[in-house]
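Notes for the one structure printed next.
Number of protein chains: 2
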Amino acid sequence: MDSLKRRILKDGLVIDKNILKVDSFLNHQVDLNLMYEIGTYFKNYFKEAKPTKIFTVESSGIAPASMTALQMGLPMVILKKETSKILSDNIYQTVIHSFTKSIDYNLTLSKKYITAKDRILIIDDFLAKGEAASGAIRLIESAGAEVSGIGIVIEKSFQPGRKLLESKGYRVYSLARISSLEQGCIKFCSDKNPSAK
Amino acid sequence: MDSLKRRILKDGLVIDKNILKVDSFLNHQVDLNLMYEIGTYFKNYFKEAKPTKIFTVESSGIAPASMTALQMGLPMVILKKETSKILSDNIYQTVIHSFTKSIDYNLTLSKKYITAKDRILIIDDFLAKGEAASGAIRLIESAGAEVSGIGIVIEKSFQPGRKLLESKGYRVYSLARISSLEQGCIKFCSDKNPSAK
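Sequence order for the protein chains is C and Z. Under UniProt numbering, the first sequence is numbered contiguously, ending at residue 197. Under UniProt numbering, the second sequence is numbered contiguously, ending at residue 197.
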């Protein structure tokens with residue numbers, strides 16, 4: 001997605017070789033026209049997979065997932081990051097680790113909002129080691145539902161998330177794939193070679 | 001907003017006389033068509049106030065604020081709830097208390113995303129005691145910017161939030177104003193008497 005890549009080059013801040021900050025248009029201040037365009041890309045790519053719901057992880061995935069759900073006419077479910085375990089028969093929970101915040105969360109889903117017939121499209125802002133996506137997958141599969149795809153706004157292709165998800169057979173589609181943040185430079189994977197690392 | 005009130009009556013769960021759960025369309029699963037309609041209402045009401053940015057508090061306000069920002073063509077800023085204080089000259093912080101979770105947060109805003117010339121429209125999902133809105137106002141006014149209005153999806157009018165905000169001169173517009181949750185029943189304030197409690 002060229003407009004996204006241009007925006008990353010214009011406004012992204014390389015903090016170190018592992019961290020890209022996009023606080024000015026995605027994670028703190030949010031550009032809704034860009035989010036809408038992102039939603040159009042996800043819709044076009046995933047419509048054939050016929051998802052029944054869109055799942056995202058609070059809170060930076062909510063804006064792009066909202067715009068995708070709006071355009072696909074689907075409900076969105078926000079997986080909550082609870083800091084403590086909730087004892088209840090009515091929810092699914094799984095522990096995920098946030099490397100950014102060095103903290104474990106109990107990713108939480110009410111059983112009311114998923115059935116074994118659901119086909120879930122996961123949308124998230126970043127893919128790095130795949131912690132959040134893997135947690136979402138565990139919750140979805142606990143319910144006997146199917147993962148119909150994973151849509152990512154920015155993928156750090158030099159981290160193992162995509163490889164991990166693809167090795168388990170999941171379909172990952174990322175709108176911007178960053179191959180390196182070395183020496184303060186942002187390098188993208190070529191679109192013409194989508195499996196390039 | 002009649003469609004919202006009908007939805008609250010159909011799907012809202014009265015937990016006790018202070019707590020209404022709307023997890024099926026606003027706080028956990030989200031109905032984006034309804035959020036878009038909510039955005040249209042906020043746009044129509046606040047367009048004359050000519051806001052320059054929309055602020056919301058993570059994370060349940062993000063979906064309705066996104067749809068408002070999209071339709072008004074404005075950037076949205078998500079105020080972050082940090083659990084620890086961040087020592088930095090680049091941010092504004094203020095403590096707010098979550099009565100739902102019985103926890104204090106450091107509501108956080110990067111100085112980069114506000115200037116003294118900004119006119120900020122605050123959008124949030126609920127108004128109860130006014131903690132989150134008051135915190136947002138403190139951050140906005142720390143920057144010398146102006147609060148151009150406060151748009152709320154669901155107001156619990158039997159709690160003191162509106163009175164507190166109006167007493168300080170802020171303009172509050174709520175799409176559904178609940179006057180009571182006593183005895184498991186949801187009672188709305190009349191639209192014809194907008195100052196009714």
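We put the CB at the ideal spot given by N, CA and C, even for glycine.
| query | result |
| --- | --- |
| Selection of the region 23 to 39 of chain C by Cβ proximity to chain Z, strictly under 9 Å | D23, S24, F25, N27, H28, Q29, V30, D31, L32, N33, M35 and Y36 |
| D16/Z versus Q183/Z, F188/Z and K187/Z, residue with shortest Cα-Cα distance | Q183/Z |
| Chain-ordered chain C contacts of G13/Z [CB-CB under 8 Å] | It is worth fixing the name first, because residue 13/Z is Leu in this sequence and not Gly. By Cβ distance, chain C contributes nothing, its closest Cβ being about 10 Å from L13/Z, past 8 Å. |
| Min CB distance A69/C to chain Z below 9 Å | yes |
| Residue-level contact to chain Z via CB, Y113/C, 9 Å cutoff | yes |
| As assigned by DSSP and simplified to three states, the class of A196/C | Interpretation of A196/C is limited by its pLDDT of 43, a score under 50 that renders its predicted location unreliable; no figure is taken from the coordinates. |
| Stretch pair the region 111 to 126 of chain C + the region 59 to 75 of chain Z: three plus CB contacts closer than 8 Å | no |
| C-alpha distance - K21/Z paired with S60/Z, whole-angstrom precision | 12 Å |
| Any chain C beta carbon closer than 9 Å to A63/Z | yes |
| At least three beta-carbon pairs within less than 8 Å, the region 148 to 157 of chain Z to the region 86 to 95 of chain Z | no |
| Extent of the continuous alpha helix (DSSP H) run through A69/C | I62 to M72 |
| Start and end residues, beta strand (DSSP E) containing K80/Z | M76 to E82 |
| Rounded straight-line distance, which links the Cα of D104/Z to that of K197/C | Low confidence applies to K197/C: its pLDDT is 41, below 50, so where it sits in the model is not reliable enough to give any reading. |
| CA-to-CA distance, L121/Z to I78/Z, given in whole angstroms | 12 Å |
| Proximal residues to Y45/Z (C-beta, below 6 Å), its chain only, five neighbours per side dropped | Y173 |
| 8 Å Cβ shell around S38/C - same chain, five flanking residues per side excluded | This sequence places Ile at residue 38/C; Ser is not what is there. Once the five neighbours on either side are set aside, the close Cβ partners of I38/C are M1, L4, P64, M67, T68, V153 and L175. |
| Whole-angstrom distance between I54/C and S190/C, CA atom to CA atom | 28 Å |
| Residues near N27/C in its chain [Cβ-Cβ closer than 6 Å; skip 5 each side] | S60 |
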